[in-house]
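Student: Here it is, the structure, as structure tokens.
Okay, here's the thing in structure tokens:
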């Protein structure tokens, strides 16, 4: 069977050999050819290419004489005469190939003219063709573009076993699969032998034969800001397996659970993360919106009561001068706890001003809450409370760089006690 895209197709090799002692220009026709006109025709083909025209005619005469003694029929005689008069060229050639939907026989006729044939129905490349050219050595040069990868038969070893696999003609990127049964009788429950058509030829891609549902392998879990990505190794097996939590996780005494997952019942699966008790609140990403701005926040893992704070910087580039976005871990998971984003460095606040003084022999005790608006870094004056002895006095506050308020002075008669709340 020819292989590859370009083939050299020769003359038929069946039929009787020409005796070495035959005289030039004449071939003996033996009585052993009786009843086998096809063999005579084959002999004539070779004679017509290796002897001058006159010698070929002498062979025809011998065949005609042979017909009178029962060598062949009149129809065979006419076929022999036609072949004897044929011009030099290339013999009829048969191509047996699986073009993608089963084995097909394609015939290249005898002759010396270049030509092409359309691809058989069911071929991988429907617009391809079978081109042929008769070369000076009497061999056909054949080029097939009906597929990207020609058919291939190959032996695949596996352990102490082996299996013969046959790939049909295929297109680039196609895969061919064979079951996991071998010549010595070994057969596996799962897996397959896979070949892939790449760059014009079939290549062995993988042999995944096993009786277990999952091969030995690795799986990973990303704990984000807590411990980062942690990788675990597993042996061949099935079902679920549990492993210890990382030592620096929120709860090192917890467990992670992995399970052997199969996409198809007849194909080995992979180890996949299922659950964990290393932390109450697992890693997740959330979107927060505030005052028309949004941002994505990647939360790590935490136990109940854990809090994660992020600055008020949003995905559109806007940054608030002060405040934060806080998430807190509850038994049911992460929840937004508070958002204190502000365009000011020091947030809006209030102060309790308590006063104690004597007036007209009376002991006066008073208290009043004073509102403090949000401000940026600097010092700010506020009037004393009306209940103070000197309501015309001033309270001096400072907005510090860390975003907190500081009482600098209170010039209210009666020595008020100012307590920011």
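Numbering (the working numbering), first residue to last: 3 to 423. Backbone N, C-alpha and C fix where the C-beta goes; we use that ideal spot for every residue, glycine too. Quick caveat, the model's predicted, so the values are computed rather than measured.
Go to residue 93, then tell me how far its beta strand (DSSP E) extends in each direction, as first and last residue.
Tutor: Residue 93 -> no beta strand (DSSP E), and no H or E assigned at all.
Student: Between the C-alpha atoms of residue 359 and residue 297, what's the straight-line distance to the nearest angstrom?
Tutor: 53 Å
Student: Taking contact to mean at least 3 C-beta pairs separated by less than 8 Å, is the segment 126-135 in contact with the segment 152-169?
Tutor: With a cut-off of 8 Å, the segment 152-169 and the segment 126-135 do not count as touching, because too few Cβ pairs lie within range.
Student: Counting pairs of beta carbons, one from the segment 267-277 and one from the segment 293-312, are three or more of them closer than 8 Å?
Tutor: no
Student: What is the DSSP secondary structure of residue 342, counted as helix, strand or coil?
Tutor: coil
Student: Secondary structure at residue 184, three-state DSSP: helix, strand or coil?
Tutor: coil
Student: Considering only the beta carbon of each residue, do residue 237 and residue 208 sit closer than 9 Å?
Tutor: no
Student: To the nearest angstrom, how far is it from the Cα of residue 408 to the Cα of residue 402?
Tutor: 7 Å
Student: Hey, would you say the C-beta of residue 250 is under 8 Å away from at least one heavy atom of the ligand ADP?
Tutor: As for the ligand ADP, it is missing from this structure, which has no ligand bound.
Student: Helix, strand or coil: how does DSSP classify residue 267 here?
Tutor: If DSSP states are grouped into helix, strand and coil, residue 267 belongs with coil.
Student: Less than 6 Å between C-beta atoms, sequence neighbours within five positions excluded: which residues of the same chain meet that for residue 178?
Tutor: Closer than 6 Å at Cβ, skipping near neighbours: 169, 197.
Student: Tell me where the beta strand (DSSP E) around residue 373 begins and ends.
Tutor: Note, residue 373: beta strand (DSSP E), 364-374.
Student: According to DSSP, residue 275 sits in a beta bridge with which residue or residues?
Tutor: 260
Student: Taking the alpha-carbon positions, what's the residue 101 to residue 203 distance?
Tutor: 14 Å
Student: List the residues that DSSP assigns as beta-bridge partners of residue 383.
Tutor: 398
Student: Do you know how far the Cα of residue 398 is from the Cα of residue 366?
Tutor: Residue 366 and residue 398: Cα-Cα distance of roughly 24 Å.
Student: Take residue 313 and list the residues in its own chain whose beta-carbon comes closer than 7 Å to its own, dropping the five residues that flank it on each side.
Tutor: 326
Student: Exposed or buried, residue 111, counting other C-beta atoms within 10 Å across all chains shown (16 or more means buried)?
Tutor: exposed
Student: Using DSSP with H/G/I as helix, E/B as strand and the rest coil, what is residue 309?
Tutor: strand
Student: Alpha carbon to alpha carbon, what distance is there between residue 331 and residue 304?
Tutor: 7 Å
Student: Using beta-carbon positions only, say whether residue 175 and residue 149 come within less than 9 Å of one another.
Tutor: no
Student: Give the DSSP-derived three-state secondary structure of residue 323 in the structure shown.
Tutor: strand
Student: What does residue 113 pair with, by DSSP beta-bridge criteria?
Tutor: 92
Student: Can you name the residues that DSSP bridges to residue 411?
Tutor: DSSP, once it has assigned bridges, lists 398 as partnering residue 411.
Student: Enumerated in chain order, which unbroken segments of the beta strand (DSSP E) with a length of 3 residues or greater are wholly contained in the segment 135-168?
Tutor: 142-146, 154-160
Student: Quick one: give me the first and last residue of the beta strand (DSSP E) that residue 361 is part of.
Tutor: 351-361
Student: Report the partner residues of residue 102 according to the DSSP bridge assignment.
Tutor: Per DSSP, none; premise fails for residue 102.
Student: Run the CB neighbour count on residue 357, radius 10 Å, all protein chains shown included, and call it buried at 16 or more, exposed below.
Tutor: When all chains shown are included, residue 357 counts as buried.
Student: Go ahead and pull the three-state DSSP assignment for residue 194.
Tutor: coil
Student: Rounded to the nearest angstrom, what separates residue 195 and residue 263 at their Cα positions?
Tutor: 20 Å
Student: Is residue 209 helix, strand or coil when you go by DSSP?
Tutor: strand
Student: Tell me whether residue 335 sits in a helix, a strand or coil according to DSSP, three-state version.
Tutor: strand
Student: Return yes when the Cβ of residue 307 is within less than 9 Å of the Cβ of residue 280, no when it is not.
Tutor: no
Student: Which residue comes first and which comes last in the beta strand (DSSP E) that contains residue 218?
Tutor: Run containing residue 218: none; DSSP gives neither H nor E here.
Student: Rounded to a whole number of angstroms, what is the C-alpha to C-alpha distance between residue 97 and residue 129?
Tutor: 19 Å
Student: Going by C-alpha to C-alpha distance, which of 205, 215, 199 sits closest to residue 191?
Tutor: 215
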